[in-house]
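Residues 218 to 313, numbered by the working numbering, are exactly what the sequence shown covers, in order.
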Amino acid sequence: MLLDPGFGFAKTAAQSHELLRRLPELQALGLPVLAALSRKKMVYGPLGLSPEAALNGTTALHMAALQGGARLLRAHDVPEARQTIQLFANTFSIAE
């Protein structure tokens with residue numbers, strides 16, 4: 218079982234950003250957290266980009282999610298997400 222906070226689903230971009238900031242609070246539930254941020258409006262909207270052009274923003278928010286306790290990423294750009302996870306794991310000495 219895992220927890221998917223549902224970024225972007227029935228939420229404004231501001232609500233999704235608040236959820237991302239408060240992601241550490243979900244750790245109290247004791248379940249692995251999935252972050253599905255890839256190409257969401259909360260990424261490309263504030264940047265004025267198309268979903269396909271928001272890879273850099275997605276990567277930045279993936280790192281924020283990992284720092285907030287997410288242990289799984291759902292991504293469109295898998296090699297880039299994998300690199301983010303590797304760097305996070307190496308930086309914080311966490312097993313992948």
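Backbone N, C-alpha and C fix where the C-beta goes; we use that ideal spot for every residue, glycine too.
message = Less than 8 angstroms between the beta carbons of Leu278 and Val260, yes or no?
response = Contact flag set, yes.
query: DSSP beta-bridge partners for Ala282?
result: DSSP lists no partner for Ala282.
Backbone secondary structure at Ala252 - three-state DSSP: The three-state reading of DSSP puts Ala252 in strand, counting E and B together.
Worksheet item: What span of residues does the alpha helix (DSSP H) with Met259 cover, start to end?
Response: Judged by DSSP secondary structure, Met259 falls within the alpha helix (DSSP H) whose first and last residues are 258-264.
Between Leu264 and the rest of its own chain, which residues show a CB-CB distance below 7 angstroms, the 5 nearest in sequence each way excluded? The residues are Ala271, Gly274.
* To do: Excluding the 5 residues preceding and the 5 following Met280 in the sequence, name in chain order all residues of the same chain whose CB lies nearer than 7 angstroms to its CB.
  => Shown here for Met280: same chain residues with a beta carbon closer than 7 angstroms to its own, the five before and five after excluded, namely Thr301, Phe305 in chain order.
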